[in-house]
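**Student:** In this note's numbering, the protein residues as written are 6 to 262.
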Amino acid sequence: MSDAQTTGWLKVVGLGPGPEEWLTPQARHDLAEATDLVGYFPYVERVPPGPQVRHASDNRVELDRARFALDLAAQGRRVAVVSGGDPGIFAMAAAIFEALDDPAAPDAWRAVPLSVDPGVSAMQAAAARAGAPLGHDFCAISLSDNLKPWEVVLKRLRLAAEADFVIALYNPISRARPWQLGAAFDALREIRSAGTPIVLGRAVGRPDEALTVTTLGEVRAEQADMRTLVIIGASHTRLVPRADGGRWVYTPRHYRG
6 MSDAQTTGWL
16 KVVGLGPGPE
26 EWLTPQARHD
36 LAEATDLVGY
46 FPYVERVPPG
56 PQVRHASDNR
66 VELDRARFAL
76 DLAAQGRRVA
86 VVSGGDPGIF
96 AMAAAIFEAL
106 DDPAAPDAWR
116 AVPLSVDPGV
126 SAMQAAAARA
136 GAPLGHDFCA
146 ISLSDNLKPW
156 EVVLKRLRLA
166 AEADFVIALY
176 NPISRARPWQ
186 LGAAFDALRE
196 IRSAGTPIVL
206 GRAVGRPDEA
216 LTVTTLGEVR
226 AEQADMRTLV
236 IIGASHTRLV
246 PRADGGRWVY
256 TPRHYRG
């Protein structure tokens with residue numbers, strides 16, 4: 006094995022939802038040590054300027070990006086693949102392992118030292134701002150049907166609602182997918198009560214952050230965008246008055262369904 010192959014590595018780094026103080030010390034160290042940054046344009050731009058070579062690409066080329074990063078690392082480069090939030094939640098870590106799982110993957114890829122740096126996820130950030138809505142059993146579902154059929158999304162959503170999980174919705178709405186969130190709310194209204202607490206956490210941790218606490222009966226899809234994390238409460242999720250007139254949201258650890 007060449008010296009280049011022994012010195013290269015690949016680390017999948019979670020940048021957190023936005024604020025620099027939410028970047029873990031491990032992630033900060035790995036970004037500083039990297040020779041190359043690979044990722045979706047907005048995430049690469051969030052990394053402070055440095056000597057690293059930057060390789061930014063579009064959001065819908067995850068596998069191509071993963072293969073490119075593995076190639077760089079196999080050539081001896083120290084590669085940080087960056088994702089927002091946690092890289093293992095609807096993000097690049099899965100794409101890296103999918104590329105490695107391909108029977109046609111080069112042996113050199115599998116020889117690359119590889120690790121995943123955890124990060125603060127969007128659902129953790131939104132939940133913390135709201136209170137503790139993830140205090141009991143919960144699940145995360147992506148509403149994007151780019152990589153799976155809408156029928157699968159809807160089935161999982163309904164089953165999660167029937168099982169009385171708190172549900173965190175990723176990728177709720179976009180210009181290319183304008184109707185799915187409204188359809189999801191309609192499906193949930195057939196199962197959950199109108200008073201079910203809803204949290205809309207938009208751009209949490211960034212200057213334009215907005216947090217809305219509402220109910221399933223009142224929420225409208227137009228209140229969210231692609232930068233919004235939506236949390237649907239369970240039957241026992243509670244609202245607590247805040248001193249500022251707002252409401253905290255929490256789900257008791259003791260089940261009261």
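By construction, the Cβ of each residue, glycine as well, lies at the ideal position given by its N, Cα and C atoms.
1. Return the chain-ordered list of same chain residues with a C-beta closer than 6 Å to the C-beta of R59, the five sequence neighbours on each side being excluded.
2. From R243 to D230, what does the alpha carbon distance come to, in whole angstroms?
3. Straight-line CA distance for A226 to G140?
4. Can you name, in chain order, every residue of its own chain whose Cβ lies under 8 Å from the Cβ of P92, other than the five neighbours on each side?
5. Taking 8 Å as the cut-off, does the region 155 to 173 touch the region 187 to 199 (at least 3 CB pairs, one atom from each stretch)?
6. In angstroms, rounded to a whole number, what distance separates the CA positions of R207 and D112?
7. Closer than 7 Å by C-beta to R82: which residues in its own chain qualify, once you throw out the five before and the five after it? Chain order, please.
8. Where A192 and V204 are concerned, what is the direct C-alpha to C-alpha distance, given to the nearest angstrom?
9. Counting only the same chain and skipping the five closest in sequence on each side, list residues whose C-beta sits under 7 Å from that of V52.
10. Take the Cβ of N176 as the centre, count every other Cβ of all protein chains shown within 10 Å, and call the residue buried at 16 or more, exposed below.
11. Would you grab the beta carbon distance between T220 and T201 for me? Rounded to a whole angstrom, and I think it's under 8 Å.
12. Could you spell out where the alpha helix (DSSP H) holding H34 opens and where it closes?
13. Which residue wins for smallest C-alpha separation from R197, given the options A168, A173, P183, V209?
14. Quick one: Cα of Y255 to Cα of A133, how far?
15. State the start and end residues of the unbroken alpha helix (DSSP H) segment that holds K160.
16. Tell me whether the beta-carbon of C144 lies closer than 8 Å to the beta-carbon of A165.
17. With distance defined between alpha-carbon atoms, name the residue in F102, G210, R232 nearest to G21.
18. For G250, count neighbouring C-beta atoms within 10 Å of its own C-beta (all shown protein chains included) and say buried if the count is 16 or more, exposed if not.
**Tutor:** In short, the structure shows the following:
1. Within the sequence shown, numbered from 1, the residue matching residue 59 stands at position 54. So the list reads L42, V49, once near-sequence residues are dropped.
2. By 1-based counting over the sequence shown, the position of residue 243 is 238. By 1-based counting over the sequence shown, the position of residue 230 is 225. Distance from the CA atom of R243 to the CA atom of D230, rounded to whole angstroms, is 25 Å.
3. Indexing the sequence shown from 1 puts residue 226 at position 221. Indexing the sequence shown from 1 puts residue 140 at position 135. C-alpha of A226 to C-alpha of G140: approximately 25 Å in a straight line.
4. For the purposes of this step, residue 92 is taken as the residue at position 87 of the sequence shown. Excluding five sequence positions before and after P92, the CB atoms of its chain that fall closer than 8 Å to its own CB belong to V17, V18, G19, V86, A98, V121, D122, P123, G124, given in chain order.
5. Touching, per the Cβ criterion.
6. Residue 207 sits at position 202 when you count from the first residue of the sequence shown. Residue 112 sits at position 107 when you count from the first residue of the sequence shown. Distance from the CA atom of R207 to the CA atom of D112, rounded to whole angstroms, is 42 Å.
7. One-based indexing of the sequence shown puts residue 82 at position 77. Setting aside the 5 residues that flank it on each side, R82 is surrounded in the same chain by G13, T40, D41, each with a C-beta closer than 7 Å to its C-beta; the list follows chain order.
8. Counted from its first residue, the sequence shown places residue 192 at position 187. Counted from its first residue, the sequence shown places residue 204 at position 199. Their backbone Cα atoms lie some 17 Å apart in a straight line.
9. Taking the sequence shown and counting its residues from 1, one reaches residue 52 at position 47. Excluding sequence neighbours, V52 sits near L36, L42, V87.
10. On the sequence shown, position 171 is the one that residue 176 refers to. Buried.
11. Counting from 1 along the sequence shown, the entry for residue 220 is found at position 215. Counting from 1 along the sequence shown, the entry for residue 201 is found at position 196. The pair is a contact, with the Cβ atoms about 6 Å apart (cut-off 8 Å).
12. In the sequence shown, counting from the first residue as 1, residue 34 sits at position 29. Its alpha helix (DSSP H) spans residues 30 to 38.
13. Here residue 197 refers to the residue found at position 192 of the sequence shown. Selected option, being the one with the closest Cα: A168.
14. Indexing the sequence shown from 1 puts residue 255 at position 250. Indexing the sequence shown from 1 puts residue 133 at position 128. Roughly 10 Å separates the two Cα atoms.
15. Against the sequence shown, residue 160 aligns to sequence position 155. Looking at the DSSP string, the run of the alpha helix (DSSP H) that includes K160 is 155 to 167.
16. In the sequence shown, the residue the question calls residue 144 occupies position 139. In the sequence shown, the residue the question calls residue 165 occupies position 160. Closer than 8 Å, so yes.
17. For the purposes of this step, residue 21 is taken as the residue at position 16 of the sequence shown. Checking every option, the nearest Cα to that of G21 belongs to G210.
18. Here residue 250 refers to the residue found at position 245 when the sequence shown is read from its first residue. Flag for G250 reads exposed.
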